[in-house]
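Colleague: Residue numbers (the working numbering): 11 to 173.
Cβ coordinates follow ideal geometry from the N, Cα and C atoms, glycine included.
Just passing along the structure, written as structure tokens.
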């Protein structure tokens, strides 16, 4: 396999730096949108709510897998979210030993309100960008998310919100 040229390595490094900087902005936007809706949730807990909103009820092991955490870590998060009234724990009809975790109406409201706030703040940032650069950003971000295997989020109101 041929080794990348020094120019392509510096382009890749510049892209990594730009994406890290952009990710800091997006995390800040996410944190502000969540704090405006629910100040007691952590970003990882909010991520769990978002996964449940998008995927529907999941078993503990499947939810832990979706989040990339150990089941014991997911269980501690679930315990806190059950106490907060944002998720519910149940069992499946097929196997009562299998816990199913689902979003409550309060959890769904938090996800949708925070997502709406985030969408508005990102729209404000995009409005400041020169129109000619927007198309390039769209293409670059689509290529980046496709390379990372992230499903696309459709424009407009979301049936299922994403992280």
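Given residue 35, which residues of its chain have a CB within under 8 Å of its CB, disregarding the five upstream and five downstream residues?
Modeller: For residue 35, where only same-chain residues beyond five positions count, the Cβ hits under 8 Å are 135.
Colleague: Can you grab the Cα-Cα spacing for the pair residue 148 / residue 56, in whole Å?
Modeller: Each residue's alpha carbon lies about 26 Å from the other.
Colleague: What residue from 33, 31 and 59 has the CA that sits closest to residue 44's CA?
Modeller: Looking at the Cα atoms, 59 is the closest of the given residues.
Colleague: Output the distance between the C-alpha atoms of residue 85 and residue 93, rounded to the nearest integer angstrom.
Modeller: For residue 85 and residue 93, the distance between alpha carbons rounds to 12 Å.
Colleague: What would DSSP say about residue 113, mapped onto helix, strand or coil?
Modeller: Note: residue 113 maps to strand in three-state DSSP.
Colleague: Whose C-beta lies closer than 8 Å to the C-beta of residue 97 among residues of the same chain, with five residues either side of it excluded?
Modeller: Excluding sequence neighbours, residue 97 sits near 58, 59, 62, 88, 91, 111, 112, 113, 114 and 117.
Colleague: The beta strand (DSSP E) with residue 99 in it runs from where to where?
Modeller: Element bounds for residue 99: 97 to 101.
Colleague: Leaving out the 5 sequence neighbours to the left and right, which residues in its chain are closer than 8 Å to residue 81 when beta-carbon positions are compared?
Modeller: 70, 71 and 74, listed in sequence order.
Colleague: Grouping DSSP H, G and I as helix and E and B as strand, with all else coil, what is residue 50?
Modeller: In the structure shown, residue 50 sits in coil (DSSP, three-state: anything other than H, G, I, E or B).
Colleague: Opposite residue 69 in the DSSP bridges: which residues?
Modeller: For residue 69, which the question treats as bridged, DSSP gives the partners 110.
Colleague: Look at the alpha carbon of residue 150 and the alpha carbon of residue 132, and state the distance between them as a whole number of angstroms.
Modeller: C-alpha separation (whole angstroms): 17 Å.
Colleague: What separation, rounded to the nearest whole angstrom, lies between the Cα atoms of residue 109 and residue 46?
Modeller: Straight-line Cα distance between these residues: approximately 31 Å.
Colleague: Helix or strand or just coil, what does DSSP make of residue 43?
Modeller: Residue 43: helix per DSSP, three-state reduction.
Colleague: Give the secondary structure of residue 34 by DSSP, where H, G and I count as helix, E and B as strand, and everything else as coil.
Modeller: Three-state DSSP puts residue 34 in a helix.
Colleague: Do the CB positions of residue 120 and residue 51 come within less than 9 Å of each other?
Modeller: Cβ atoms of residue 120 and residue 51: closer than 9 Å.
Colleague: Do residue 30 and residue 41 count as a contact pair if the criterion is CB distance below 9 Å?
Modeller: Against a cut-off of 9 Å, the Cβ pair of residue 30 and residue 41 comes out as no contact.
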